[in-house]
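Novice: By the count of the numbering used here, the sequence shown reaches residue 243 at its end, each step adding exactly one.
Think of the CB as a built atom: it goes at the ideal place given N, C-alpha and C, for glycine as much as any other residue.
Take a look at this one; I'll ask things after.
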Amino acid sequence: HAVAWASAGQSRPQRLLQLVGSVSAPSIALREPGERAGGDEPPKDDEGFAAFARSLRIPDIAEVVERAEPLGPIAIYRRTENRWRHYERMERPVDGFLAVGDALRTFNPLYGQGISTAVLTAEALDRCLGEHLAGRRDLAGFTAGAQKELVKASAGAWTIATGVDLRYPNVKGDTRGRARRAFDALVVRYMDRVTRAATHDPDVNAALFDAIALLAEPWSLTRPGIAWRSLRPGPKAPSARPVWPAPAPAP
């Protein structure tokens, strides 16, 4: 699993996943719409996609693309926004109506959080129903409190997705004030240290992936032990590049 996130001012994060055996899935994401990035968008044809991959900051994806056998056509997805519909703020909640899943929050699919978030909100809904029905047999007054709990259940995914996306220039929908921007800048600097430490410290690596996979809350990365391991000086030598297996021969 090789990942190259774009730094501020860049718009080309890349990801390469080894799925099963010798099957790898290259992914190139653009942080800005094509028209605002000067038409910087990967082509859908094999030759154009390979040429675009060769222009990336690291060579790993291009090397795999050039020697691998495609299993299907190249797919392009342009709906990368994060959207939160604030049903929990309704002054007069409607009994029997709850927004769940994508009706409540949608996420940039680059982070792969949709299914995990759906499971977490389903668990929250089950818990709310159990607590509500423990002392009564109807659902009167259930909606308002349950909607707030569903928001809490997906808060970690929202924090991760928006926290990363807001690092990039020309992002749309940024309504933060000056104080919040300053605070977020500190968080970004800290998370850069966490990400760097994760390349050589197995405890930080495990904590980071738990947060990304929604197995732990994002703020678990501020635990004293993780903070100390992340902020202390680490090795200066770069981590080794992964070795990707050659594709299996065709039968």
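Taking buried to mean at least 16 other C-beta atoms within 10 Å of its own C-beta, is Ile218 buried or exposed?
Specialist: Flag for Ile218 reads buried.
Novice: Determine the DSSP secondary structure at Arg172, reduced to helix, strand or coil.
Specialist: Here Arg172 sits in helix by DSSP.
Novice: Nearest to Glu83 by alpha carbon, out of Cys120, Thr214 and Gly137?
Specialist: Of Cys120, Thr214 and Gly137, the residue nearest in Cα terms is Gly137.
Novice: To the nearest whole angstrom, what separates the beta carbons of Phe41 and Ile66, a pair I think is in contact under 8 Å?
Specialist: Their Cβ separation, rounded to whole angstroms, is 5 Å, which keeps Phe41 and Ile66 in contact under 8 Å.
Novice: With distances taken Cα to Cα, identify the nearest neighbour of Ala152 among Pro85, Asp38, Gly104 and Phe89.
Specialist: It should be pointed out that residue 152 corresponds to Ile in this sequence rather than to Ala. When only C-alpha atoms are compared, the closest one is Gly104.
Novice: Who are Thr98's beta bridge partners in DSSP?
Specialist: Its beta-bridge partners are Arg75.
Novice: By how many angstroms is the C-alpha of Ala110 removed from the C-alpha of Arg77?
Specialist: So the alpha carbons of these two residues sit roughly 15 Å apart.
Novice: If I measure Cβ to Cβ from Pro35 and keep anything under 7 Å in the same chain, skipping five residues before and after, which residues do I get?
Specialist: Around Pro35: Phe41 and Phe44.
Novice: Does the distance from the C-beta atom of Leu200 to that of Thr214 stay below 8 Å?
Specialist: Cβ atoms of Leu200 and Thr214: not closer than 8 Å.
Novice: Which residues mark the beginning and the end of the alpha helix (DSSP H) in which Trp150 is found?
Specialist: Unbroken alpha helix (DSSP H) run through Trp150: Ala147 to Asp157.
Novice: Counting along the chain, where does the alpha helix (DSSP H) carrying Thr214 start and finish?
Specialist: No alpha helix (DSSP H) contains Thr214, which DSSP labels as neither H nor E.
Novice: Quick one: which unbroken beta strand (DSSP E) runs of 3-plus residues sit fully inside the segment 92 to 138? Chain order, please.
Specialist: Entirely contained in the segment 92 to 138, not one beta strand (DSSP E) run reaches 3 residues.
Novice: Give me, in chain order, the residues of the same chain whose beta-carbon lies closer than 7 Å to that of Tyr79; leave out the 5 immediate sequence neighbours on both sides.
Specialist: Counting only Cβ-Cβ distances below 7 Å, and skipping sequence neighbours, we find Ala91, Leu96 and Gln139.
Novice: Ordered along the chain, which non-local residues of its own chain (more than five positions away) have a Cβ less than 8 Å from that of Glu73?
Specialist: Correct list, in chain order: Thr98, Asn100, Lys164 and Gly165.
Novice: Whose C-beta lies closer than 7 Å to the C-beta of Arg170 among residues of the same chain, with five residues either side of it excluded?
Specialist: Around Arg170: no qualifying Cβ.
Novice: Skipping 5 residues on each side, what residues in its chain have a beta carbon closer than 8 Å to that of Arg75?
Specialist: If we look at Arg75 and ignore the five residues flanking it on each side, its Cβ neighbours are Arg97 and Thr98.
Novice: Tell me which residue opens and which closes the alpha helix (DSSP H) that Asn197 is part of.
Specialist: Residues Pro194 to Ile204.
Novice: Using the Cα positions of Leu131 and Val86, report the straight-line distance between them to the nearest angstrom.
Specialist: Rounded to the nearest angstrom, the two C-alpha atoms are 11 Å apart.
Novice: Do Ser108 and Ala203 have their C-beta atoms within less than 8 Å of each other?
Specialist: It is not a contact, given that the beta carbons lie outside the stated cut-off.
Novice: For Arg46, which three-state DSSP category applies?
Specialist: Residue state, collapsed to three classes: helix.
Novice: State the Cα-Cα distance for the pair Val143 and Arg185, rounded to the nearest angstrom.
Specialist: Computed Cα separation, rounded: 29 Å.
Novice: Figure out for me which residue from Val56, Ile68, Gly155 and Ala126 has the closest Cα to the Cα of Val179.
Specialist: Of the listed residues, the one whose Cα sits closest to Val179 is Gly155.
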